[in-house]
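J.: Chains as they are written, first to last, in my numbering: chain A, 591 to 899; chain B, 591 to 899.
For every residue, glycine included, the Cβ atom is placed at its ideal position computed from N, Cα and C.
(1) When DSSP builds the beta bridges, which residues end up paired with residue 664/B?
(2) For residue 749/A, count neighbouring C-beta atoms within 10 Å of its own C-beta (all shown protein chains included) and say buried if the count is 16 or more, exposed if not.
(3) Please name the residue, chosen from 827/B, 858/B, 811/B, that lies closest to residue 598/B on a Cα-to-Cα basis.
(4) Along chain A, in chain order, which residues have C-beta atoms closer than 7 Å to that of residue 753/B?
(5) Taking C-beta pairs closer than 8 Å, name the residues in chain A that residue 765/B reaches, listed in chain order.
(6) Under a CB-based cut-off of 8 Å, is residue 880/B close to chain A?
(7) From 774/B, 705/B, 692/B, 675/B, pick the residue whose C-alpha is nearest to that of residue 615/B; which is it?
(8) I'd like to know whether the C-beta of residue 635/B is nearer than 8 Å to at least one C-beta of chain A.
(9) Tell me the rounded alpha-carbon separation between residue 668/B and residue 708/B.
(10) Does the contact criterion of 3 or more C-beta pairs under 8 Å hold for the segment 705–725 of chain B versus the segment 771–786 of chain B?
(11) Residue range of the beta strand (DSSP E) that residue 850/B falls in?
(12) Between 768/B, 855/B, 777/B, which lies nearest to residue 583/B when the distance is taken from Cα to Cα?
(13) Enumerated in chain order, which unbroken segments of the alpha helix (DSSP H) with a length of 4 residues or greater are wholly contained in the segment 710–742 of chain B?
(14) Among the candidates 636/A, 769/A, 600/A, 727/A, whose CA atom is the shortest distance from the CA of residue 626/A?
(15) Using a Cβ cut-off of 8 Å, pull out every chain E residue sitting near residue 854/A, in sequence order please.
(16) Identify the contact partners of residue 749/A in chain B, using a Cβ-Cβ distance below 7 Å as the criterion.
(17) How should residue 724/B be labelled, buried or exposed, when 16 other C-beta atoms within 10 angstroms of its C-beta is the threshold for buried?
(18) For residue 692/A, does the three-state DSSP call read helix, strand or coil?
(19) Taking beta-carbon pairs under 7 Å, can you tell me which members of the segment 767–797 of chain B lie near chain A?
(20) With H, G and I counted as helix, E and B as strand and the rest as coil, what does DSSP make of residue 656/A?
(21) Strictly below 8 Å CB to CB, what residues from chain A border residue 883/B?
(22) Kindly list the residues whose CB is nearer than 6 Å to the CB of residue 857/B, restricted to its own chain and excluding five residues on each side of it in sequence; keep chain order.
(23) In terms of residue numbering, what span does the beta strand (DSSP E) encompassing residue 806/B cover?
(24) Given a cut-off of 8 Å on the beta-carbon distance, is the pair residue 655/A and residue 676/A in contact?
(25) What residue range is occupied by the uninterrupted beta strand (DSSP E) comprising residue 612/B?
(26) Could you tell me whether the Cβ atoms of residue 739/B and residue 727/B are closer together than 8 Å?
(27) Would you kindly report the start and end of the unbroken alpha helix (DSSP H) that includes residue 882/A?
(28) So, at 6 Å on beta carbons, what are the nonlocal neighbours of residue 791/B in its own chain, with the 5 sequence-adjacent residues on each side left out?
(29) Report the partner residues of residue 788/A according to the DSSP bridge assignment.
(30) What does the alpha-carbon distance come out to for the pair residue 608/A and residue 874/B?
(31) My output table needs one value for residue 630/B: the three-state DSSP class, helix, strand or coil.
(32) Can you name the start and end residues of the beta strand (DSSP E) that residue 687/A belongs to?
(33) Pick from 729/B, 721/B, 775/B: whose alpha carbon is nearest that of residue 641/B?
(34) Alpha carbon to alpha carbon, how far is residue 701/A from residue 649/A?
(35) Give the DSSP bridge partners of residue 875/B, in chain order.
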């Protein structure tokens, strides 16, 4: 981390393929009410969940390169797919930037929720790419050898949510039942929502699995993890660090700002964001994918990793 | 068209956001068995259906620029969304290339199928972007003033098909019923499948709307339209124009070749393509989006429109 240049007033970057990461932004807003957030939604190229590791890593690399001149004190990859397939490569590419993801915090919470049971059964629902990466398996098994894991890609849940369907829609109910039925016959103890869209269906999912199953929201756990990292680094922004202003969207609540960047259709993003955040946002800034590609020098990608910030 | 350089042996380019356009490739293979096809699936940036006109036009522009050195005798935009939002701009940008789409042939067939009825009721199901573009409305009303149009975006059908679900899956059946129910109460005469993925659900859709409704497959109509255009231009490739070779994937059938290019995950494309085509393909060539972006000179995009082919 470039701690010499960073202060509690530096912003936190939150990035995702689209809207899903806003559930992380919402949890961050609750956990760190005085911090400024820069949110990047790669809406021209979403979804990431069905794409390859190389392609997703390239996209995330471009986004961080674009936002690096804003001197973020921390970057959160608020997308399970991108965390699963790109986090190690991104940390290696940006050694001076503090970067975290959503999987380790979710896996840690799942193991804690499993309690003292010797061979707890932990279910994970996520995109195809996240499941294929085995990132949750590695992270959970490192902490608890004997956990029995049940993994299932649930690729329809993102389009169902993006279409604006609520959890009382028969199609949503049927999809959740179809996906979770095999889990229920096998004595599930814990279920991890391994995609940042899924918290929007948390109540329906909890009703479907029943009260004996603990449901882990990786977005909330990720926000707690970021708060802990900033506190350790002495970079937490407290109420005393800024005047109590009215802003950041949540009316009447003193808070840091939230500025959004998207690669496509800012009005659509603005319209749908409220459902994820619980409050309205200012108009997002449009960043074309041409701009993102132009940042990279293919011949020598190292050049762009240390811009003069 | 650069007719001086073109011959019946020149290939036909078929482009789409991903797999859907393969239904057009399949229909072209049936209609033009001796022609060589170059198929481009923009799998790193799919789907197009929820994205803006400017973004989609930029993507299509890159793809045609990339394939132009192959000297195609015709380019088919085998995607309703891209046809709806980008066809006029693409024709203007590539004045020497023959380009067609899927909407005009589908609209023409819908009007013919409506027969002599004075105010036929024509339903159209398509992606959000296609519906928003009003391209089908314009095209049908130009031919038949008094047609009553019912339009409905059906954004879940693409992910349901891409997930590999068949038309006996309860979720697919429920989605199709939910989407088509409002149409059935209003005396539908004709239903246009306004997305090149939808022919894979044609039987289920026909069962749902009943035998009194004519269902129009825009992929098949598009292939007929291309054959007619090539015949008019004297560029149709007949059996006599090439030796009867075994190839192009369809085992034992003399045919032209089919070469595929994708921007992400060639193995996944290869695996899923069979369902759309009815035969196996050779391994697709990977083209990175970095390569596509590098083709364009932002300062003077006209430069790339006339490469030395």
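T.: Reading it off the structure:
(1) 602/B, per the DSSP bridge assignment.
(2) Counting of Cβ neighbours within 10 angstroms places residue 749/A among the buried residues, the total reaching 16 or more.
(3) Checking every option, the nearest Cα to that of residue 598/B belongs to 827/B.
(4) The CB of residue 753/B comes closer than 7 Å to the CB of 745, 746 in chain A, given here in chain order.
(5) Under the 8 Å cutoff, chain A gives 761.
(6) Yes, because at least one Cβ of chain A sits closer than 8 Å to the Cβ of residue 880/B.
(7) Of 774/B, 705/B, 692/B, 675/B, the residue nearest in Cα terms is 692/B.
(8) Taking Cβ atoms only, chain A reaches closer than 8 Å to residue 635/B, which makes this a yes.
(9) Cα atoms of residue 668/B and residue 708/B: separation of roughly 31 Å, rounded to the nearest angstrom.
(10) Three or more beta-carbon pairs separated by less than 8 Å link the segment 705–725 of chain B to the segment 771–786 of chain B, which places the two stretches in contact.
(11) Segment 848–852, the beta strand (DSSP E) holding residue 850/B.
(12) What the structure shows of chain B is the stretch from 591 to 899, and residue 583/B is not part of that stretch, so it cannot be assessed.
(13) Taking only runs of at least 4 residues, the alpha helix (DSSP H) segments lying wholly in the segment 710–742 of chain B are 718–723, 725–733.
(14) With respect to the C-alpha of residue 626/A, the residue from 636/A, 769/A, 600/A, 727/A having the closest C-alpha is 600/A.
(15) Included in the structure are the protein chains A and B, with no chain E among them.
(16) What residue 749/A touches in chain B: 745, 746, 749.
(17) It counts as exposed.
(18) Of the three classes helix, strand and coil, the one that applies to residue 692/A here is coil, per DSSP.
(19) Flagged, chain order: 768.
(20) Three-state DSSP puts residue 656/A in a helix.
(21) Neighbours of residue 883/B across chain A, judged by C-beta separation under 8 Å: 879, 880, 883, 884.
(22) Around residue 857/B: no qualifying Cβ.
(23) Segment 804–807, the beta strand (DSSP E) holding residue 806/B.
(24) Going by C-beta atoms, residue 655/A is not nearer than 8 Å to residue 676/A.
(25) Annotation for residue 612/B: no beta strand (DSSP E) segment contains it, though the alpha helix (DSSP H) segment containing it runs 612–621.
(26) Against a cut-off of 8 Å, the Cβ pair of residue 727/B and residue 739/B comes out as a contact.
(27) Note, residue 882/A: alpha helix (DSSP H), 879–884.
(28) By the criterion of a C-beta distance shorter than 6 Å, residue 791/B is surrounded in its chain by 757, once the five residues flanking it on both sides are discounted.
(29) Residue pairing for residue 788/A: DSSP places it in no beta bridge.
(30) About 28 Å.
(31) In this structure, residue 630/B counts as strand in the three-state DSSP scheme.
(32) Premise fails: residue 687/A is in no beta strand (DSSP E) and is neither H nor E.
(33) Checked all of 729/B, 721/B, 775/B; the closest Cα to residue 641/B is 721/B.
(34) Answer to the nearest angstrom: the Cα atoms are 31 Å apart.
(35) In the DSSP output, where bridge partners are listed per residue, residue 875/B has 851/B.
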